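Heads up, the thing below is written out as structure tokens.
Number of protein chains: 2
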Amino acid sequence: MITVNALSEVAALMGDPARAAMLSLLMDGRAHTASDLALIAGITAQTASGHLARMVEGNLLAARAQGRNRFYRLASSDVAHAIESLMALAGTRATAASRSAAWRRDPDLRFCRTCYDHLAGQVGIAVTDSLTKHGYLEPKGPRDWKLTQPGELFCERLGVDLPGARQASSRHFARQCLDWSERRPHISGALGAAIADTFFKRGWAERLRRSRTVRLTDSGRRALGSHFGATV
Amino acid sequence: MITVNALSEVAALMGDPARAAMLSLLMDGRAHTASDLALIAGITAQTASGHLARMVEGNLLAARAQGRNRFYRLASSDVAHAIESLMALAGTRATAASRSAAWRRDPDLRFCRTCYDHLAGQVGIAVTDSLTKHGYLEPKGPRDWKLTQPGELFCERLGVDLPGARQASSRHFARQCLDWSERRPHISGALGAAIADTFFKRGWAERLRRSRTVRLTDSGRRALGSHFGATV
DNA sequence: CCAATGGTTCGGCTGCGGCCGAACCATTGG
DNA sequence: CCAATGGTTCGGCCGCAGCCGAACCATTGG
Numbered sequence: 002m003i004t005v006n007a008l009s010e011v012a013a014l015m016g017d018p019a020r021a022a023m024l025s026l027l028m029d030g031r032a033h034t035a036s037d038l039a040l041i042a043g044i045t046a047q048t049a050s051g052h053l054a055r056m057v058e059g060n061l062l063a064a065r066a067q068g069r070n071r072f073y074r075l076a077s078s079d080v081a082h083a084i085e086s087l088m089a090l091a092g093t094r095a096t097a098a099s100r101s102a103a104w105r106r107d108p109d110l111r112f113c114r115t116c117y118d119h120l121a122g123q124v125g126i127a128v129t130d131s132l133t134k135h136g137y138l139e140p141k142g143p144r145d146w147k148l149t150q151p152g153e154l155f156c157e158r159l160g161v162d163l164p165g166a167r168q169a170s171s172r173h174f175a176r177q178c179l180d181w182s183e184r185r186p187h188i189s190g191a192l193g194a195a196i197a198d199t200f201f202k203r204g205w206a207e208r209l210r211r212s213r214t215v216r217l218t219d220s221g222r223r224a225l226g227s228h229f230g231a232t233v
Numbered sequence: 002m003i004t005v006n007a008l009s010e011v012a013a014l015m016g017d018p019a020r021a022a023m024l025s026l027l028m029d030g031r032a033h034t035a036s037d038l039a040l041i042a043g044i045t046a047q048t049a050s051g052h053l054a055r056m057v058e059g060n061l062l063a064a065r066a067q068g069r070n071r072f073y074r075l076a077s078s079d080v081a082h083a084i085e086s087l088m089a090l091a092g093t094r095a096t097a098a099s100r101s102a103a104w105r106r107d108p109d110l111r112f113c114r115t116c117y118d119h120l121a122g123q124v125g126i127a128v129t130d131s132l133t134k135h136g137y138l139e140p141k142g143p144r145d146w147k148l149t150q151p152g153e154l155f156c157e158r159l160g161v162d163l164p165g166a167r168q169a170s171s172r173h174f175a176r177q178c179l180d181w182s183e184r185r186p187h188i189s190g191a192l193g194a195a196i197a198d199t200f201f202k203r204g205w206a207e208r209l210r211r212s213r214t215v216r217l218t219d220s221g222r223r224a225l226g227s228h229f230g231a232t233v
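Residue numbers (the numbering used here), protein chains in the order written: chain A, 2 to 233; chain B, 2 to 233.
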């Protein structure tokens with residue numbers, strides 16, 4: 002059966018430890034060089050090259066040459082979503098002991114990170130919860146949200162680039178993305194990306210180098226309180 | 002990072018063609034026997050047994066023994082969600098699984114039969130559904146039911162020997178038994194046996210010789226309608 | 001033009017894991 | 001008590017895929 006083959010192939014692509022390590026790094030939504038990815042996976046460059054070629058072939062990654070370097074990034078937000086849902090599974094799979102150990106080891110990642118191009122972790126959940134609590138977002142279908150009229154006003158006042166987000170018509174506008182650490186949906190899609198952009202543009206958050214971890218600045222913490230009515 | 006290892010492990014579990022075929026079948030949300038799963042995967046029973054054990058160990062599946070059979074099902078909706086998102090990545094959709102040939106082989110057995118000493122098949126399910134729908138049975142624990150006060154009245158009116166059923170104190174009173182053809186629980190235990198006895202005693206059903214198959218008589222069909230509000 | 005850096009291709013080694021035959025255990029029904 | 005059926009365990013075979021060393025290609029800077 003075709004669907005079965007496709008399922009096992011895409012899962013097998015993610016099922017190798019080296020490739021999984023690369024994908025985890027790429028979950029920050031940014032492009033990384035082949036060397037970086039080889040380093041993080043703990044393998045030689047030539048082995049990494051093979052892995053990367055296979056993932057491009059399997060439509061998990063997109064590659065772009067730039068000078069001597071080749072940059073790889075996730076092919077789409079669907080890839081990010083699939084990885085997140087697998088991580089959610091892995092979270093329940095891990096024993097309580099090892100899970101708490103992992104969480105203790107990386108509390109910052111749990112607090113705030115990027116998931117492809119939008120905010121995740123406690124901050125992503127806080128933003129999403131605020132939007133739904135104030136009636137700015139309403140559930141629409143099993144995996145989407147609808148931005149209400151008050152929600153549009155709120156986003157405009159915040160400086161979110163709504164026209165730009167709407168322009169990417171091929172993309173889901175307000176998508177639900179399951180957060181692997183909080184185990185609840187946060188806002189993704191074009192709107193989620195636009196909101197994250199606003200956080201970076203207004204200096205509320207900063208990406209940490211070579212990591213999906215995001216640091217919430219002091220002004221970001223204040224903004225969460227004043228604009229979203231949330232404390233984290 | 003622990004989450005990376007966990008990601009690759011859970012993805013690798015789904016990444017084998019045989020296991021993926023089994024998971025695809027299980028996407029219908031029902032429980033299936035080890036033999037069925039081996040058949041659909043195109044492998045021998047012993048190989049399938051190994052795969053199934055690994056998936057139970059990895060918390061992808063839950064197993065439940067029932068007589069000589071062992072039924073496997075997806076461990077949670079999170080598993081289904083992860084598989085679905087992987088299928089979405091592959092650009093394919095989870096189609097309703099095709100039913101096995103065994104399913105069609107014996108329509109009478111599927112319609113009504115005894116399971117030990119109680120009714121099973123479509124009739125067993127119809128009786129059980131009626132009892133729960135009217136509030137006569139309530140779920141109690143993972144594998145039992147509770148007979149409510151209205152349920153007791155209903156049974157007495159029907160002529161079910163409740164005192165006799167309660168006498169066998171060593172036995173489960175109202176047990177959930179997984180129906181292999183309907184793949185849903187039906188009523189078993191002392192109460193299930195007492196109800197089946199009523200069907201035989203009142204001429205609603207007849208055992209066929211040398212078979213577990215049970216024939217529903219015309220009066221039985223009428224009784225199902227008048228007493229249980231069910232048509233089969 | 002040459003050296004340095006980043007990346008890929010090729011070939012051969014190696015180990016993991018999927019597979020089956022055979023034997024074994026458990027439950028059921030006659 | 002015995003045969004039939006469903007499932008698992010064990011042992012051994014075999015192929016695939018991941019890994020690296022070496023060589024090769026491409027871009028950049030001096």
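Glycine included, C-beta positions come from ideal geometry on N, C-alpha and C. Every value quoted in this text rests on a predicted model; they were computed, and no experiment measured them.
Min CB distance R105 of chain B to chain A below 8 angstroms: Caution applies to R105 of chain B, whose pLDDT of 45 falls short of 50 and renders its modelled position unreliable; the value that the coordinates give is listed next. Cβ-Cβ to chain A under 8 angstroms: no for R105 of chain B.
So, does the CB of H82 of chain A fall closer than 8 angstroms to a CB anywhere in chain B? Residue contact with chain B for H82 of chain A: present (Cβ-Cβ distance below 8 angstroms to some residue of chain B).
How would you write the range of the alpha helix (DSSP H) that S86 of chain B sits in, first residue to last? Start and end: 78-90.
Opposite T34 of chain A in the DSSP bridges: which residues? T34 of chain A is bridged to A:F72.
Could you pull out every residue in the same chain whose Cβ sits closer than 7 angstroms to the Cβ of S36 of chain B, ignoring the five residues on either side in sequence? Only A46 meet the Cβ criterion.
Counting only the same chain and skipping the five closest in sequence on each side, list residues whose C-beta sits under 7 angstroms from that of S131 of chain A. F229, G230, A231, listed in sequence order.
So, for L138 of chain B: in the same chain, excluding its five sequence neighbours on each side, which residues have a beta-carbon less than 8 angstroms away from its beta-carbon? Excluding residues within five positions, the ones whose Cβ falls inside 8 angstroms are T129, L132, W146, K147, L148, T149, G152, A175, I188.
What are the residues in the stretch 216-233 of chain B lying within 9 angstroms of chain A by C-beta distance? Within the stretch 216-233 of chain B, no residue places its CB atom closer than 9 angstroms to a CB of chain A.
Closer than 7 angstroms at the beta carbon, the chain B residues around L251 of chain A: For residue 251 of chain A there is no data in the structure shown, the boundaries of chain A being 2 and 233.
Please work out which residues of its chain come closer than 6 angstroms, Cβ to Cβ, to A191 of chain A, disregarding the five sequence neighbours upstream and downstream, and give them in chain order. Once the five neighbours on either side are set aside, the close Cβ partners of A191 of chain A are A166, A169, R172, F174.
Which residue's Cα is closest to the Cα of R114 of chain A: A:M28, A:R203, A:R222? Of all alpha-carbon atoms in A:M28, A:R203, A:R222, the one lying nearest the alpha-carbon of R114 of chain A is that of A:M28.
Return the CA-CA distance between H33 of chain A and E183 of chain A, expressed in angstroms with no decimal places. Their Cα atoms are separated by approximately 27 angstroms.
Which residues, taken in chain order from the stretch 18-34 of chain B, show a beta carbon closer than 7 angstroms to some beta carbon of chain A? Residues P18, A21, A22, S25.
Under 8 angstroms by Cβ, that's how I've got A76 of chain B and L61 of chain B pegged, so tell me the actual separation to the nearest angstrom. About 6 angstroms; that satisfies the 8 angstroms criterion.
How many angstroms separate the CA atom of T214 of chain A from the CA atom of A54 of chain B? Cα to Cα, T214 of chain A sits roughly 36 angstroms from A54 of chain B.
Show which residues of chain A have a CB atom less than 8 angstroms away from the CB atom of A91 of chain B. Those within 8 angstroms of A91 of chain B in chain A are T4, A7, L8, E10, V11.
Name, please, each residue of chain B whose Cβ falls closer than 7 angstroms to the Cβ of D79 of chain A. Those within 7 angstroms of D79 of chain A in chain B are A89, L90.
For D145 of chain B, write down the residues that DSSP places opposite it in a beta bridge. The secondary-structure analysis by DSSP pairs D145 of chain B across a beta bridge with B:K141, B:R176.
In chain B, what lies closer than 8 angstroms to G51 of chain A by C-beta? Identification of chain B residues near G51 of chain A by a Cβ-Cβ cut-off of 8 angstroms yields none; the smallest Cβ-Cβ distance measures about 16 angstroms.
Under 8 angstroms between C-beta atoms, does G16 of chain B make it to chain A? By this cut-off, G16 of chain B is an interface position.
Which residue's Cα is closest to the Cα of R1 of chain B: B:L110, B:A63, B:R69? Outside the displayed range of chain B (2 to 233) lies residue 1 of chain B, so it cannot be described from this structure.
On the DSSP bridge list, what partners appear for A206 of chain A? Answer by DSSP bridge pairing, in chain order: A:L217.
Using DSSP with H/G/I as helix, E/B as strand and the rest coil, what is R211 of chain B? Only weak support exists for where R211 of chain B lies, its pLDDT of 49 falling under 50; the coordinates are left without a value.
What three-state label does DSSP hand R185 of chain A in the structure shown? It is coil, neither helix nor strand.
I126 of chain B versus A13 of chain B: straight-line alpha-carbon distance, rounded: Each residue's alpha carbon lies about 38 angstroms from the other.
Using the beta-carbon count (16 or more within 10 Å), is R20 of chain B buried or exposed? Flag for R20 of chain B reads buried.
Identity of the residue in B:H82, B:C156, B:S220, B:G160 nearest G136 of chain B by Cα: Residue B:C156 is the option with its Cα nearest to G136 of chain B.
Classify D79 of chain A: buried if its beta carbon has 16 or more other beta carbons within 10 angstroms, exposed otherwise. Counting Cβ neighbours within 10 Å, D79 of chain A comes out buried, since at least 16 surround it.
Between the CA atoms of F112 of chain A and L159 of chain A - distance to the nearest angstrom: About 22 angstroms.
Within 10 Å of its beta-carbon, does L154 of chain B have 16 or more other beta-carbons around it, so buried, or fewer, so exposed? With fewer than 16 other Cβ atoms within 10 Å, it is exposed.
Is the beta carbon of V11 of chain A closer than 8 angstroms to that of G59 of chain A? Yes, they are a contact pair.
So, for E207 of chain B: in the same chain, excluding its five sequence neighbours on each side, which residues have a beta-carbon less than 6 angstroms away from its beta-carbon? Here the set comprises R216.
Would H52 of chain A and M88 of chain A qualify as a contact pair, given that the criterion is a beta-carbon distance under 8 angstroms? At a Cβ-Cβ threshold of 8 angstroms, H52 of chain A and M88 of chain A do not count as neighbours.
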